[in-house]
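Trainee: In my numbering, the protein residues as written are 8 to 156.
Here it is, the structure, as structure tokens.
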């Protein structure tokens with residue numbers, strides 16, 4: 008009962024010449040298996056990295072959109088407290104966010120659009136006098152009270 012060897016397995020040695028080239032045969036089989044496994048793992052790793060980077064960009068743009076919406080609402084309620092420049096800067100930020108594609112388009116330079124949105128956000132934050140950083144959680148030293156006893 009003999010079975011045909013798989014393409015990535017070493018076939019039995021039939022002669023002395025085959026023994027002389029045994030190392031090359033094992034290297035060729037290992038190279039074939041390694042290339043196949045590396046390609047598969049590379050695709051999986053690339054997808055995971057793409058998902059993570061997409062999530063990071065989405066969170067950043069969502070923060071900018073919430074910032075623009077919140078401040079635009081405040082300006083609409085009390086326009087006398089804000090300058091025309093603040094309104095114009097927030098409108099430019101909203102336009103930059105609207106220009107960012109919601110799907111993956113190869114013809115669009117997403118990094119350039121992201122850079123533009125970042126610049127508009129920085130300008131709006133400066134005009135409004137708002138800190139440009141987002142802190143989800145306090146630092147460990149701030150969260151824990153100091154105990155002296």
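Glycine included, each C-beta is placed from N, C-alpha and C at the ideal position.
(1) Rounded to the nearest angstrom, what separates residue 128 and residue 120 at their Cα positions?
(2) Give every residue of the same chain whose Cβ lies closer than 7 Å to the Cβ of residue 71, excluding the five residues on either side of it in the sequence, and list them in chain order.
(3) Less than 8 Å between the CB atoms is what I'm expecting for residue 166 and residue 137, so what's the real figure, rounded?
(4) Under a Cβ-count criterion, where at least 16 other Cβ atoms within 10 Å of its own Cβ denotes burial, should residue 9 be classed as buried or exposed?
(5) Return helix, strand or coil for residue 108, following the three-state DSSP convention.
(6) Would you please state the rounded distance, in angstroms, between the beta carbons of residue 74 and residue 82? I believe it to be under 8 Å.
(7) My assumption, with CB atoms under 8 Å, is that residue 107 sits in contact with residue 48. Please give the rounded CB distance.
(8) With DSSP run on the structure shown, which of helix, strand or coil describes residue 8?
(9) Quick check on DSSP: helix, strand or coil for residue 119?
(10) Around the Cβ of residue 126, are there at least 16 other Cβ atoms within 10 angstroms (buried) or fewer (exposed)?
Mentor: Straight from the coordinates:
(1) 12 Å
(2) 100, 104, 124 and 128
(3) Absent from the structure is residue 166, since the part of the chain shown begins at 8 and ends at 156.
(4) Legend: pLDDT at residue 9 = 47, less than 50; position of this residue unreliable, no value from coordinates given.
(5) coil
(6) Actually they do not touch by this definition, with Cβ atoms about 12 Å apart.
(7) No, residue 107 and residue 48 are not in contact; Cβ-Cβ is about 31 Å, not under 8 Å.
(8) Interpretation of residue 8 is limited by its pLDDT of 46, a score under 50 that renders its predicted location unreliable; no figure is taken from the coordinates.
(9) helix
(10) exposed
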